[in-house]
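There are 2 protein chains.
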Amino acid sequence: MMKISQLAAHSGLSAHTLRFYEKSGLIEASQRTGSGYRRYSEEDIRRVEFVKTARDAGFSLDEIAQLLSIRLDRDQHTCEDVTSITRHKLEAVNEKIAQLTEIRESLELLLESCDGGLDSAVHCSIIEALEAGAAKTTHPNEDQATKEATL
Amino acid sequence: MMKISQLAAHSGLSAHTLRFYEKSGLIEASQRTGSGYRRYSEEDIRRVEFVKTARDAGFSLDEIAQLLSIRLDRDQHTCEDVTSITRHKLEAVNEKIAQLTEIRESLELLLESCDGGLDSAVHCSIIEALEAGAAKTTHPNEDQATKEATL
DNA sequence: ATAAACCTTAGAGTTATATCAAAGGTCAAG
DNA sequence: CTTGACCTTTGATATAACTCTAAGGTTTAT
Numbered sequence: 041m042m043k044i045s046q047l048a049a050h051s052g053l054s055a056h057t058l059r060f061y062e063k064s065g066l067i068e069a070s071q072r073t074g075s076g077y078r079r080y081s082e083e084d085i086r087r088v089e090f091v092k093t094a095r096d097a098g099f100s101l102d103e104i105a106q107l108l109s110i111r112l113d114r115d116q117h118t119c120e121d122v123t124s125i126t127r128h129k130l131e132a133v134n135e136k137i138a139q140l141t142e143i144r145e146s147l148e149l150l151l152e153s154c155d156g157g158l159d160s161a162v163h164c165s166i167i168e169a170l171e172a173g174a175a176k177t178t179h180p181n182e183d184q185a186t187k188e189a190t191l
Numbered sequence: 041m042m043k044i045s046q047l048a049a050h051s052g053l054s055a056h057t058l059r060f061y062e063k064s065g066l067i068e069a070s071q072r073t074g075s076g077y078r079r080y081s082e083e084d085i086r087r088v089e090f091v092k093t094a095r096d097a098g099f100s101l102d103e104i105a106q107l108l109s110i111r112l113d114r115d116q117h118t119c120e121d122v123t124s125i126t127r128h129k130l131e132a133v134n135e136k137i138a139q140l141t142e143i144r145e146s147l148e149l150l151l152e153s154c155d156g157g158l159d160s161a162v163h164c165s166i167i168e169a170l171e172a173g174a175a176k177t178t179h180p181n182e183d184q185a186t187k188e189a190t191l
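Protein chains in written order, with the working numbering: chain B, 41 to 191; chain X, 41 to 191.
Shown next as structure tokens:
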């Protein structure tokens, strides 16, 4: 039976974060000492490790909550339930990467245009490019591009 | 001289956002009507366009504030000042992309391991992988990986 | 003249994920 | 028995960039 600081050291999550995850309904300490200290059982610890692993894999706390409820009640769920969450996550990640890649291209274009020298910025081509509205490198998707995939 | 809603339509930023940018010190309406309505001059409008373009290029509002102050006082700054901001941004974007790419790999690995069928998740290999601690695909960089590039 | 559409402000709320602070109770060692 | 490390709770703070609300004043068109 671990105390919270031991579990923190063991899991790589801070005691603060463990309490926060508990408040969020992700984990719990199945026992308390008489004075109210949390005691984590082996099972509790495995759950915390699951959360940590899922977090490292990129899942949000909400998604982890879904995965946990599947884990706790496996025979009422299908593999498809799990892959669905994972696929959606993967799509969101891919979308975010695509956005950032566009931004990277914008920035690289800006940098290419400017020597970066130590002389005055009076004719700095980056400033000029931003004044000329040179943001969108390629995609002219004004449609409903406001998706913004929160990730 | 435009009113705020006209500038909103023109710039693609909402009137709310324009007021928010003003409060943040990025832009202003150089005049007001007797009743207090904002009136934007051509110069004001160019500044708003600059902000919008820079935002679309991926700069944060803080970074845009820096760029604006350079733009307003070009001969007191060098191209290096501008490229420095841009390079740092590019580095942050690259780091974020690298993180997301690792996450993508984790997710793809998880998906590969699971058929995603409609049968019970009792033996779902994704759940099992998360229980086994299969998060980190490659990089074992435990060092100071807590950089977390806010972007 | 009245209704619709527009404008103003200050300030609160949102999202996600923590992180910290305050005020105090508990435990182990010397 | 005291000191220091640890634990508890509630609730505030942080980040970034909005987004919205409330309560009210203005403009324009019919």
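Every residue gets a Cβ at the ideal spot worked out from N, C-alpha and C, and that includes glycine.
Annotated three-state conformation of B:THR73 is coil, per DSSP. Cβ neighbours of X:TYR61 within its own chain (closer than 6 Å, five residues either side excluded): ILE67. Secondary structure at B:SER100: coil, using DSSP grouped into helix, strand and coil. DSSP, reduced to helix, strand and coil, places B:SER54 outside both helices and strands of the structure shown, so it counts as coil.
Ranking X:ARG59, X:HIS50, X:LYS43, X:LEU53 by CA distance to the CA of X:SER75 puts X:LYS43 first. The beta carbon of B:SER75 sits no closer than 9 Å to any beta carbon of chain X.
Per DSSP, B:ILE67 is not a residue of any alpha helix (DSSP H), being assigned neither H nor E. A buried status is given to X:LEU150, since no fewer than 16 other beta-carbon atoms sit within 10 Å of its beta-carbon. In the three-state reduction of the DSSP assignment, X:SER109 falls in the helix class. With its beta carbon at least 9 Å from every one in chain B, X:ILE85 lies outside the interface.
Fully enclosed beta strand (DSSP E) runs of no fewer than 3 residues are not present anywhere in the stretch 117 to 155 of chain B. The beta carbon of X:GLN71 sits closer than 6 Å to those of ARG79, all from its chain and outside the five residues before and after it, given in chain order.
Secondary structure at X:SER45: helix, using DSSP grouped into helix, strand and coil. When the beta-carbon positions are compared, B:PHE99 and B:LEU112 stay at least 9 Å from each other. By a beta-carbon distance limit of 8 Å, B:THR57 does not contact X:CYS154. Their separation comes to about 28 Å. One Cα belongs to X:ARG144, the other to B:LEU147, and the distance between them is close to 23 Å. Contact between the stretch 85 to 102 of chain B and the stretch 120 to 134 of chain X is absent: fewer than three C-beta pairs spanning the two stretches fall below 8 Å.
Listed in chain order, the positions of the stretch 121 to 141 of chain X with a beta carbon within less than 7 Å of a beta carbon of chain B are ASP121, VAL122, THR123, THR126, ARG127, LYS129, LEU130, VAL133, ASN134, LYS136, ILE137, LEU140, THR141.
Residue contact check for X:HIS117 against chain B: a CB pair falls below 9 Å.
Shown here for B:ILE104: same chain residues with a beta carbon closer than 7 Å to its own, the five before and five after excluded, namely LEU66, VAL91, ALA94, ARG95 in chain order. Under DSSP, B:ARG78 shares a beta bridge with B:ARG72. DSSP lists B:THR118 as the bridge partner or partners of X:SER160.
One Cα belongs to B:LYS136, the other to X:GLN139, and the distance between them is close to 11 Å.
CA-CA distance, X:LEU47 to X:SER54, rounds to 9 Å.
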